[in-house]
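Just so you know, the sequence shown maps onto residues 1 to 878 in my numbering. Each residue gets a CB set at the ideal place from its N, CA and C atoms; glycine is no exception. First comes the structure, then the notes that go with it.
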Amino acid sequence: MESKKHWTRSDLLEQILQKVRVVSGPDQRGEYTAWCPFHPDGQGKAPHNPNLRISAGGFICHACGEKGRLTELAQRLGIAPVGEEGDEPEKTYDYRDENSNLLFQVVRFPGKRFSQRRPDGNGGWVWNIKDVRRVLYRLPEIISRPYELVFVVEGEKDADCLIQRGLLATTNPGGAGKWKVEYSRCLTGREVVILPDNDSAGKAHAEAVAASLYGLAASLRIVELPGLEAKGDISDWLEAGHSVDELTALVADAGDWTPPDVIECEANEDGDAHSRRSSLADRIVRLVEESGAQLFVDDFGDSYARTPADGHHKILRCRGKEFKSYLARLLWQDLGKAASSEVIASALNVIDAKARFEGPRIQLYNRVALKEDAIYYDLADADWRAVKVSARGWEVVCEPPILFRRFAHQHPQCEPQCPCDLQEVFRFTTIADPAQRLLFLVYLVTCLVPDISHPIAVVYGPQGAAKTTLFRVIRRLVDPSATEVLALTHDVAGLVQQLSHHWLTPFDNVSDLPDYISDVLCRAVTGDGFSKRELYSNDDDVIYSFRRCVGLNGINIVARKPDLLDRCILFELEPIDPAHRLPDQMIWSDFERLQPRLFGAMLDVLSKAAGIRPAIRLGRLPRMADFAVWGCAVARALGATEEEFLAAYDANQTARNEEAISASPVASALEGFMRTRNEWKGSPSELLSELEGVAEIEKIDTRAKGWPKGPHVLTRRLNEVRPNLAAAGISVERSRDSSSRCLVVRKHPVGSVIGVTSVIGGLENNHLSSEHTSGSASDGDATYDATDDATVGVRSKASPDGEPLERGSQANDANDAIFCAPTGADNSGKLLGSDEMAVRGSGLPYTCARCSEPVRLIDQGDGNMLHYSCDQVDLGAG
């Protein structure tokens, strides 16, 4: 064989640079920047980044953390290593499987330098053993001699030394610290003697091998060789003049090896079974600590562990099935023993306590999370990677921060690829109107935005309109799951659990929506907490708190309650032309081809929108204010304008108002009543009488559930639809003259009335102050100057001394709803900046218009000055 030249570090660096994709270099320090071959996206392209730094001194990847010498990188790249004193191997050691097939070789070069290679199938070699099965050295001989004593040594040279003397010996590839539980299984039922090297690493390796073999081997002994020099091994001992007979005598005199934990158990004369369980549980706890697992609690106080796993980390709930399996595996790898359920339970009690009392509190999220200035999207893959999205772009992150909890139903998201036009998604739906298409794309992209209130997508249309198909498309792009569409349960506890476990909950074929389920959905999209009693406990609660994306589809618009409709976006689908209908297999084959690029397009738009959003300044925001701001940013990122998005959103709001009015017999009757008049004034009893007359003419069923049976119920029904009536040009107010209290109903041009559910956006602080009311106030009332663009909040009337009214006072008419200028508005209704607001006085405390409690929980997303659960203006009893 023709000899190769002697390779220096510079030679090896040159060979490596020819194998990797170099981006730049060398810099002043002699370093090159290249794409990293150690992780899947490392040899990719934009938006990923080249993170590998290479120099003559070694390499490091700032993305995956791999680092080492040039020889290690060369081995990874399949470059044949060359010894410093020549390129010829001193010795090769074959590793073969049970059938004597060559799997790989360990190659020894001068200077005790080692490398590994595998056959390439063409008579050559590949200088790495990636994805090659690891086996014990001399495995065929071990199998063919089943009744002989097996010596386990450290290194192939030592094994060959014993084999040359007629003994049976083996070792593991990689040296000390690389023993695997699979090797132990090959020695099940065998008599095993371990001969450690005379150094700390060798002795630790021997203990680890023995612990793994304990309970599997028929007999197990560790023999330390007398007179062995420091760092010596069995080969050195035999070369020093010792004989096989001396070794045999040492083996005969050695006692069986027993783990320290088991020795403690056996020393306890009382209840040894209990002691053994306790000892094994203690062992598991120590193994968890030694593994580097990080214990912590989430924002609800549940214990979790961040555990190492094949080059990445998993986040496992300590009381979950997967973590229990992880503990059982740790014990098996360490001692080769199965852990009973009692042992696991005992260990879990300690681990759970350590997490709760010693670990930090870290908030966990479902699928999407906001961390500093970036949005993270959980790919839910086996490597626990995430996509990091910011105004600077997006990238796949191999080791994201501790952010996500996983659920069994979640499927991995596809790897995002070079994006296509996001308009391609309309190949899978019948939405044709350009305004509706813009609204749908905004909704789709903003589903990746955490910590905002997302409108509920209400999709309706006749049979054959591909409503379910559209929901499956949204599901696969936003939150892939084994359960792509869900059935809407009427059990509140079950619904809350569904909402908690899914980032996106697409409820399919909904035909009935009870009021109490409607209320749960309102709270789910706005953000709220739920609790239930923990099973098998007396008084412990299971807490749920979330803000989710929700979808409803059906033949008709299933959202009927005004407060739910106010949180919806309506999408009407037309039936598919039979001439254009395609088989499901063809549809989903086409979608799977496009999905990585569609997902990449969503990330591109989201990244652009993240850069645009801080510059969005709107004088008046619609309902779901945060969504509206993000919607404007996404619209601009899509190439549209803010005005186009807001026009589409306003048109949708008009459709929702019309639907709310048509769903309410009271609102429909009042609309008919005001057709022939501009103003009406009277008591609730008189108004109910008038409306009953209109209902008879308009064929409105007064026996229906929604029709009020008395004046006091009428005011409640009016409360429910008051914002929708205002949007339709009808205002309902309470007025008080000298003799009686009455309702005043007025017609006004659409858009000229102050909207009671309008939103103040762009404000950092909600300082509620009496100074924010315009005009003068007397006896607790507030007056205001209405302007077309004014937006208002609502509070209940304060007592003369400025204190909030007690809850019990709400039942009488003294607790009428009154209007005040909004937070962040001066007396003219003009919006103020946060700096101007900060210098305002605190003034009288504002109270909720429904429950009269001080307003502490302010829906900043919607700008409403009411509690989340009291999101209506109370007109009071008639």
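Backbone CA spacing between residue i and residue j [nearest angstrom]
i	j	result
Val389	Tyr183	44 Å
Leu247	Gly202	18 Å
Leu12	Gly551	58 Å
Ala328	Asn556	52 Å
Val135	Ile474	47 Å
Arg133	Glu592	33 Å
Thr879	Asn553	The structure shown does not extend to residue 879, since the chain is modelled only from 1 to 878, so the question has no answer here.
Ser500	Ile576	34 Å
Arg108	Arg138	17 Å
Ile730	Gly672	11 Å
Leu621	Thr641	15 Å
Ile79	Glu72	10 Å
Val192	His312	34 Å
Glu679	Lys747	6 Å
Pro749	Leu725	12 Å
Val753	Asn657	In this prediction, Val753 scores a pLDDT of 36, lower than 50, which makes its location untrustworthy; the coordinate-derived value is nonetheless stated afterwards. Cα-Cα distance, rounded: 15 Å.
Ala559	Pro514	10 Å
Ser842	Asp563	Its pLDDT being 31, under 50, Ser842 is placed unreliably by the model, and the measurement read from it follows with that caveat. Cα to Cα, the separation comes out at about 31 Å.
Asn509	Val20	53 Å
Glu148	Leu187	11 Å
Val368	Arg319	23 Å
Asp298	Cys522	25 Å
Glu14	Phe114	21 Å
Ala211	Leu280	12 Å
Environment of residue i [buried if 16+ CB atoms lie within 10 Å]
i	result
Asp882	Outside the shown range of the chain (1 to 878) lies residue 882, about which nothing can therefore be said.
Cys887	In the structure as shown, the chain starts at 1 and stops at 878, and residue 887 therefore has no counterpart that could be examined.
Glu154	buried
Ser303	buried
Cys418	exposed
Ala353	exposed
Asp566	buried
Leu102	exposed
Arg221	buried
Asp97	exposed
Val150	buried
Gly378	Checking the sequence shown, residue 378 turns out to be Asp, not Gly. Classification for Asp378: buried.
Cys820	Note on Cys820: pLDDT 33, under 50, position unreliable in the model; the coordinate value appears next. Under this definition Cys820 is a buried residue.
Ser10	exposed
Glu66	buried
Whole-Å CB distance - residue i paired with residue j, under 8 Å assumed
i	j	result
Ala457	Ile569	6 Å
Val745	Met674	6 Å
Val106	Glu156	6 Å
Gly336	Tyr516	That belief does not hold up - the Cβ atoms of Gly336 and Tyr516 are roughly 55 Å apart, past 8 Å.
Trp503	Arg437	No, Trp503 and Arg437 are not in contact; Cβ-Cβ is about 24 Å, not under 8 Å.
Phe296	Pro196	Not quite, the Cβ-Cβ distance comes to about 38 Å (not below 8 Å), so this is no contact.
Trp179	Ala208	6 Å
Asn128	Arg76	6 Å
Gln413	Ala380	6 Å
N- and C-terminal bounds of the alpha helix (DSSP H) containing residue i
i	result
Gly672	665 to 673
Glu342	341 to 358
Ser505	With the sequence shown as reference, residue 505 is identified as Thr, and Ser is not the correct amino acid for it. Here Thr505 belongs to no alpha helix (DSSP H); instead the beta strand (DSSP E) covers 504 to 507.
Lys178	Taken as a continuous stretch (DSSP letters only), Lys178 belongs to no alpha helix (DSSP H), as it is neither H nor E.
Phe38	Run containing Phe38: none; DSSP gives neither H nor E here.
N-terminal and C-terminal residue of the beta strand (DSSP E) that residue i is part of
i	result
Thr258	Premise fails: Thr258 is in no beta strand (DSSP E) and is neither H nor E.
Leu216	Leu216 -> no beta strand (DSSP E), and no H or E assigned at all.
Gln105	102 to 109
Asn553	549 to 554
Tyr460	456 to 460
Thr33	32 to 34
Cys742	741 to 747
Lys388	386 to 390
Contact test: residue i Cβ vs the ligand ZN heavy atom, cutoff 6 Å
i	result
Ala609	In terms of ligand content, the structure shown is empty, and the ligand ZN therefore cannot be addressed.
Contact with chain B by residue i, beta-carbon distance below 7 Å
i	result
Ser518	Judged by its chain identifiers, the structure shown contains no chain B, having just a single protein chain.
Using 8 Å as the Cβ pair cut-off and three pairs as the minimum, do the segment 367 to 387 and the segment 327 to 344 touch? no
Stretch pair the segment 472 to 486 + the segment 567 to 586: three plus CB contacts closer than 8 Å: no
The segment 430 to 444 in contact with the segment 643 to 659 per 3-pair CB rule at 8 Å: Contact between the segment 430 to 444 and the segment 643 to 659 is present: three or more C-beta pairs spanning the two stretches fall below 8 Å.
Three or more C-beta pairs below 8 Å linking the segment 51 to 67 and the segment 23 to 34: yes
Are the segment 602 to 619 and the segment 391 to 401 touching by the rule of at least three beta carbon pairs closer than 8 Å? yes
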